[in-house]
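Residue numbers (our numbering), protein chains in the order written: chain A, -11 to 329; chain B, -11 to 329; chain C, -11 to 329; chain D, -11 to 329; chain E, -11 to 329; chain F, -11 to 329. These notes are about the structure you will find just below.
There are 6 protein chains.
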Amino acid sequence: MPRYAMLGEIMLRLKSPGYERLLQSPVLESSIAGSEANVAVALSTFGRDTAFITVLPENDLGKNAIVELRKYGVDTSKILVKPGRFGLYFVEMGSSHRPTRVVYDRKDSCMAEALPDEFNWNHILEGRDWFHISGITPAISESAMHISLDAMKVAKRKGLTVSCDLNLRTVLWQYGCDPVEVYRKMMDYVDVLISNENHFAACLGLKERVEESDIYNKPENYRRLADEAFEIWPDVKRIVTTVRRTASANRQSVAAVLNTKDNMWVSSIIEIDNIVDRIGTGDALTAGLLFGLENTGDSKETISFAVAASAIKHSIPGDFLRASIEEIQALVDGAMGRDQR
Amino acid sequence: MPRYAMLGEIMLRLKSPGYERLLQSPVLESSIAGSEANVAVALSTFGRDTAFITVLPENDLGKNAIVELRKYGVDTSKILVKPGRFGLYFVEMGSSHRPTRVVYDRKDSCMAEALPDEFNWNHILEGRDWFHISGITPAISESAMHISLDAMKVAKRKGLTVSCDLNLRTVLWQYGCDPVEVYRKMMDYVDVLISNENHFAACLGLKERVEESDIYNKPENYRRLADEAFEIWPDVKRIVTTVRRTASANRQSVAAVLNTKDNMWVSSIIEIDNIVDRIGTGDALTAGLLFGLENTGDSKETISFAVAASAIKHSIPGDFLRASIEEIQALVDGAMGRDQR
Amino acid sequence: MPRYAMLGEIMLRLKSPGYERLLQSPVLESSIAGSEANVAVALSTFGRDTAFITVLPENDLGKNAIVELRKYGVDTSKILVKPGRFGLYFVEMGSSHRPTRVVYDRKDSCMAEALPDEFNWNHILEGRDWFHISGITPAISESAMHISLDAMKVAKRKGLTVSCDLNLRTVLWQYGCDPVEVYRKMMDYVDVLISNENHFAACLGLKERVEESDIYNKPENYRRLADEAFEIWPDVKRIVTTVRRTASANRQSVAAVLNTKDNMWVSSIIEIDNIVDRIGTGDALTAGLLFGLENTGDSKETISFAVAASAIKHSIPGDFLRASIEEIQALVDGAMGRDQR
Amino acid sequence: MPRYAMLGEIMLRLKSPGYERLLQSPVLESSIAGSEANVAVALSTFGRDTAFITVLPENDLGKNAIVELRKYGVDTSKILVKPGRFGLYFVEMGSSHRPTRVVYDRKDSCMAEALPDEFNWNHILEGRDWFHISGITPAISESAMHISLDAMKVAKRKGLTVSCDLNLRTVLWQYGCDPVEVYRKMMDYVDVLISNENHFAACLGLKERVEESDIYNKPENYRRLADEAFEIWPDVKRIVTTVRRTASANRQSVAAVLNTKDNMWVSSIIEIDNIVDRIGTGDALTAGLLFGLENTGDSKETISFAVAASAIKHSIPGDFLRASIEEIQALVDGAMGRDQR
Amino acid sequence: MPRYAMLGEIMLRLKSPGYERLLQSPVLESSIAGSEANVAVALSTFGRDTAFITVLPENDLGKNAIVELRKYGVDTSKILVKPGRFGLYFVEMGSSHRPTRVVYDRKDSCMAEALPDEFNWNHILEGRDWFHISGITPAISESAMHISLDAMKVAKRKGLTVSCDLNLRTVLWQYGCDPVEVYRKMMDYVDVLISNENHFAACLGLKERVEESDIYNKPENYRRLADEAFEIWPDVKRIVTTVRRTASANRQSVAAVLNTKDNMWVSSIIEIDNIVDRIGTGDALTAGLLFGLENTGDSKETISFAVAASAIKHSIPGDFLRASIEEIQALVDGAMGRDQR
Amino acid sequence: MPRYAMLGEIMLRLKSPGYERLLQSPVLESSIAGSEANVAVALSTFGRDTAFITVLPENDLGKNAIVELRKYGVDTSKILVKPGRFGLYFVEMGSSHRPTRVVYDRKDSCMAEALPDEFNWNHILEGRDWFHISGITPAISESAMHISLDAMKVAKRKGLTVSCDLNLRTVLWQYGCDPVEVYRKMMDYVDVLISNENHFAACLGLKERVEESDIYNKPENYRRLADEAFEIWPDVKRIVTTVRRTASANRQSVAAVLNTKDNMWVSSIIEIDNIVDRIGTGDALTAGLLFGLENTGDSKETISFAVAASAIKHSIPGDFLRASIEEIQALVDGAMGRDQR
């Protein structure tokens, strides 16, 4: 079993109840959330040894984040604690044509203001086999970008497998660097790349395009995206292309394609007819993928498990995938949501 | 920008939580609601100068109504405050085949018991360009009917544009007059008529009928309704026919047709696959229409904006359209509910 | 109007809010629930004289159960009260592919530990015309199985009509008997049998099978199930086969077939597009059936009323069918969930 | 055991959460409440046969009131159901120097608009031994005043014991009669009078006054109030004077004096240091008194039980005394609130 | 009636429910709060023309603040809206010996980062008669300190009365200036100074000290504080010394002394035996004082009204004084919290 | 720093909201609770290495208990997981004279049905320095009694310090043994005894008695209790006598006496004027004591820290002491609940 390490920011998520607009009624539902932390919690729930690395303020909010991560079994011993503020995001849940909206309040967070030399990556990554990061972490500040690259470089040098979920939050790129330039630098260290069709272009500047609807009848078109990327970054070992077709804020379908240099496996397409919480569904896919690769290697089983993990996450409130391996496997095996008692 | 004035009753809406039957659990969710007030709040949210005219009791409930209207920027300076009671309605949310149900408790409200000579319409409507009323206000009492007609008459005389949303609440017509007779009197003052196919017959006694499904493939049939009305009331300038096809308590489609004497524009049809709150969706359409007429005149843009405003309202709890012009425009422009962050 | 008597266990149902996983947040929604109690409450709501028979602990939980049953008008005078514990079940609501899950905690309940000689069935059933029981009650303990058989035997002997809803909760069968053997013994006393296709095989060991999808185009295939059962138990007078096609945790269709020895009536099929609470929908069907038989006898009206009762229950939180005869009849008559005000 | 009958109005009570001002947040807690209904529920909880008589609307609110009363075992078979509205009251809980405030919305309720000839008192009171009414019922409308007097007259004639809790809600007396005149008429039929010092003057026009603080060191002064009343209405058999000393909205002490013509018994004084809900505490005293008179007759035990019932009510949310005889007796016996497990 | 202007920061207050520790359960209660905004809302509730001046972000949180202020009638037309973040504070309510705790998250707020030249004070204060500021505003950033001094200087020059509530939040003074130095500069422009005994020393470096208990028997000792301040700043016209004696997190007493150069008036002392929310009680005193000075001038009535406003605020959840003039006056007149109905 | 081990049962605590009676409204607040688990969580929060030993069911409730303990840093690696049920208790919060009431539902729990030979104490206690148990664990079943004695015996033999909090829950002693006999056997292994005056007699059969009020003026009388116990069990090293004087369900005072053979230290007495949650306050005292003994040895500081920990617990909802060392120390140092910001 690989021992995982994740680097990223964790935030307090504050959601208005049900489908209410933000601050419509004077109550907010709080939870802890963040792309890499979501992956860490899911893998830890699957029984994997997972360490989450971040910077937290020494106040009640920072302490609470440690306590919550510990609850799910995540190793918090590498987290730095120092003065500063805890990042936040506000969210209101969409319905039908009204989209789910996120309002970030994370600009001056502890993690954004951390300095590269506060991290001794050789020490932090000791005893770890796999390093994971998302495309959000280098976006939050110039310094966080340097920390991300440092971590990836050391991870690669120490022989860890490096995975990266390339997702772009344009609103976060405020410090003056070009995302494409940064992401292309990161690619030098990546073994496993996860991204969707849009982000291949937006994050990496790739030229190939594909229609989302191709996943239904021409999934082989998705191979072109991988081919272009494999050509530029020949050291990359696996490329996972995720596909999400949105019917409305309540319904969408999810699928993914796992590519190695020689092969591709297309997951089944899962139609979700009642989205409870869309946030964190990409992270659930990543966690499912990492778990799948460990268990069933490069295969349709693996990519289908990843997509099923993502599908199940759509039914669970909060960012975290609170589901067992068995529940996800049941969906891979064709379960239809019939009640169990 | 026209300055609007609305006359109507505002009530305390008391809803059981989620899909619970009324008083199933000992909690009620309260908000402020009423057809014309809903239109006023929406226009005011769009940045328009809007005055709401009603009668409120001088107790905590009446004061709260003023405070809530003021919150959205509605001009409350023309509201009369006097002893009496505040109207209420109870509501439980339906699902699938079980309909949403409203239990009114508004019979002896301040507004129902107001007297025509308590209103100096010349003074109240001074400085206003547009007067709006719904078919509910003349239903609540004989005296309210006279007040409604007085207001429309003075508005017309002073050169205001008069719009009327003709909707029938049969249960409210208790004071012995025939709704058709009253509504036909009102029509003498109407410039912009909004109504659905059923109410053309039920409120105005018109003879033309059309199938709701025609909106999909024979929308021109809807013209016949307008033609009949234009013939009887030649001073009417615009007739908006709204179409709502109900699949279940959770799903319906909305569309509308804008008619002038010489032209008709059919909106796109919007399918709503998860209704959060159906109440106030007609008022949202009216607000969108008035705003659209101001901005894009008689056009497909205008009627599509009106229908999009109604569609977005279906996703928002409470009677009020808590949405921005930009959010509605995004739906006109084809947004599909994909999350924004 | 027949006077009904039901025997079964009633429990405290503890549900996590909304779609949350069990204990995800520190709140549980409580209600009272149990298969036969659900039927009793529904019939009592329909204005029928209905007695519920069980054993309850003499603590606050037991007292609360009596109070809640009395609220709906159920006759609680035959309930035994003694030391012991009150059964519980925990439930989390599923969505899309994640199923609704029940965690039982009823093993050592008062009812499970009751002894056959604590019940004087001759006395208890005095003045009653109809006895109903489900397949769950004999599952909870060996002693409960004997009590169930005693009750059915005496009911039959005293001339009551005996109905039985055969449903299997495999997880409950812990005391070492074979369910099929027990259920076949029970069949000797049954006049009206209610069951679904799977349970004909699993509970009674029947050999005929039918595809759920046959209900759409070959409903006559369902007759074969009834034929096989009528052959083995010639004293049975009516067999109701229920059909539930699950699209996801949020959507399913319901239908049923009413068989007498000479005839069969197929209900309309009702598609439910937003399941609020699936638990108790079978009990609602039973209550609708018993009410229907009393009113419209063996007929399509009866089985359609039963299925409509079940359909409406899908829209109501909690186990109980909190709906009026009129609301159910409206669905039989084609109501589509359009709001009422 | 006497069989009781109570006449009065029952309302929906809508309370803002915790100590919030009315409508401060958009939630109201609902319950069922009303002076005589409170007494009925308490006596019924004590196991007494108690019928509540009122007029209810035939809508969901009226039906809910019947269901809630039935839950506590109250006989609802004498309640009239007809078109109309259900009375309401809004309440916010005070703290320290800010008082608890009630906003009534009961003016045109079913009960207020009921007519004297809708009640056949001979029939209604058949089989009853005790009739109870409060001073609120004759206040709500002229017609309700006549109904109250009719009921008392017939009760007296049929030999029932008549008790009356004289409490004045000045704000309700809107129909033009003088309360003192009405209350003095009622006194002709009263056997057991319950009132506080202020109301002896305000309701009956008596002249004797006493300081509330006398209850501590000169309780005999309270006898003067009773003496004056006994002199005017020699048929009255018992007079209970209640004493409430308010330290703040959170703290008060309660005591009472039971007078017969020849004797007086003073209860112990109970200091309440954390008032959870003050409403209904007088009704709890009445219920405790009636129960006490049945069990321990004219005695210190009786009046102490009545005061203990009132004291316990201060700790329970809602109008109803949800407490057992044993819990009240434990306080009479000196219990101090130490936890029980 | 003077027209008021307040300058300060407004924040989102996020409170854990009841007495729960911060984030103990996943719910936070939100409201809008800030020292000068609290004063503005209270004065506006009293019917006074009050403008609040601040800087708000152009996101949902900033828009919500405007909407909430408008609800209470505060003039928001002078508020600057620009990119940035909205300040927050988290709070948990203490009980007995556990104190109420505030965790600020306001460091990089819009208001803290505003620049002095963004404010045209001559224009902003046009038409205003009274300017109010607290000691918190100059603490949040160096730039906010300059803005505060600018505003006071212009206010003074334009002839407005300037009031200042000197309260020290040590934790906020992070930008390197000495609070005493800043506060002494502010004093050059102050007409009405409000402060407590500790802050006279801590904010202004005064030497006189007084025992809080002196307020009971030697209130004249409080004069010495005023005398020392009048001597240093002879242009100050009124000095209000507030006194708060804390018995526990639930109980305290409040009082205050109003000093002019020639006279002093001591308020009555109000003991609060159940604190619902202590935050904003100082701001309520200020609002009561300003209102009192307008109505009853320099007098015991004025300072007693101010203290009563503060006392009532202790009973109301949230920072705002949601109370009417009549309710406060009733406490001045000796009301004891007896319920009103 | 000693490494602690606790043996006991952990349960799901289900509480009605606020001061509501059990099941008054259909919501229960859930948390995890149990005497020794409470001590473990508190010590773990203080940064101590603490293992909790129990038996848990392999269902969602058991898994949740592990997750919750892990959240607070408790070592859960020694917990046995097997089929069975999770114990529960229901609680309603008292006020004034109405006591807090607990309804246990723990009879057939996993822990109660565990067998002595399922525990290898030599292995379980390896590496631990201190073993703690309460008087509740041997009460839950005969088998649990044997497990308790086994654990204490091995702990003693391995040289661990053994502490025992002797508290009697009479209602639990159902298996036929005499508590005094069992507790006297346990005393053979105890180093540190914690108990209150009543339990010295009820659990150990001691003869000395003392008045609770002696703690105020004759605390030396408490020495007699310790002397009697030291005489019978000369190996006991420390005896802590706890004192709780109940004024009402909302107010009480706490104090304690620490006795060694040669010395006694009396804590200060802390008056709690607003009890938020009384449950777990004894466990907080034990945790404070163990922590204090480690830090300040036998001293007034130690016993005062223990009592302060208990006092602070009274202000926190739930069984757990969610408070820091600093917060408790602040109370030892005289903090009065003044707000902190």
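All C-beta atoms in this analysis are idealised placements derived from N, C-alpha and C, irrespective of residue type, glycine included. Please read these numbers as outputs of a predicted model, since none were measured by experiment.
The residue from D:265, D:20 and D:32 with its alpha-carbon nearest to that of residue -7 of chain D is D:32. The stretch 28 to 43 of chain A and the stretch 89 to 103 of chain A touch, with three or more beta-carbon pairs separated by less than 8 Å. With its beta carbon less than 8 Å from one in chain F, residue 95 of chain C belongs to the interface. In this structure, the straight-line span from the alpha carbon of residue 85 of chain B to that of residue 300 of chain C is close to 7 Å.
Residue 92 of chain D is classed as buried because its beta carbon has at least 16 other beta carbons within 10 Å across all chains shown. Taking a cut-off of 8 Å on C-beta distances, the stretch 248 to 266 of chain F touches the stretch 233 to 240 of chain E, as three or more cross pairs fall below it. The residue from C:34, C:321 and C:208 with its alpha-carbon nearest to that of residue 247 of chain C is C:208. Distance between residue -5 of chain B and residue 69 of chain B, taken at the CA atoms: about 15 Å. Closer than 9 Å at the C-beta level to chain E, one finds these residues of the stretch 9 to 32 of chain C: 12, 13, 14 and 15.
Neighbourhood of residue 82 of chain C in chain A, by CB distance below 8 Å: 303, 325 and 327, in chain order. Proximity of residue 66 of chain B to chain E, defined by a Cβ-Cβ separation below 8 Å, is not satisfied. Chain-ordered, the chain D residues with CB closer than 9 Å to the CB of residue 61 of chain C read 55 and 58. Collapsing the DSSP output to three states places residue 203 of chain F in a helix. A direct Cα-to-Cα measurement between residue 323 of chain F and residue 73 of chain F gives close to 44 Å.
In terms of beta-carbon proximity, residue 281 of chain F stays away from the interface with chain C, with every pair separated by 8 Å or more. If you compare the alpha carbons of B:267, B:7 and B:22 with that of residue 128 of chain B, the shortest gap goes to B:22. Residue burial is scored here from C-beta neighbours: residue 220 of chain D has fewer than 16 other C-beta atoms within 10 angstroms and is therefore classed as exposed. Non-local beta-carbon contacts of residue 283 of chain D in its own chain, meaning distances under 6 Å to residues more than five positions away in sequence, are absent. With three or more CB-CB distances shorter than 8 Å, the stretch 109 to 121 of chain E counts as touching the stretch 138 to 155 of chain E. Rounded to the nearest whole angstrom, the CA to CA distance from residue 306 of chain A to residue 20 of chain A is 8 Å.
Around the CB of residue 65 of chain E, fewer than 16 other CB atoms lie within 10 Å, so the residue is classed as exposed.
When only Cα atoms are considered, residue 276 of chain C and residue 96 of chain D end up about 38 Å apart. Cβ neighbours of residue 194 of chain C within its own chain (closer than 6 Å, five residues either side excluded): 188 and 216. When C-alpha distances from residue 241 of chain F are compared across F:269, F:222, F:250 and F:228, the shortest belongs to F:269. For residue 231 of chain D, not one C-beta of chain E is nearer than 8 Å to its own C-beta.
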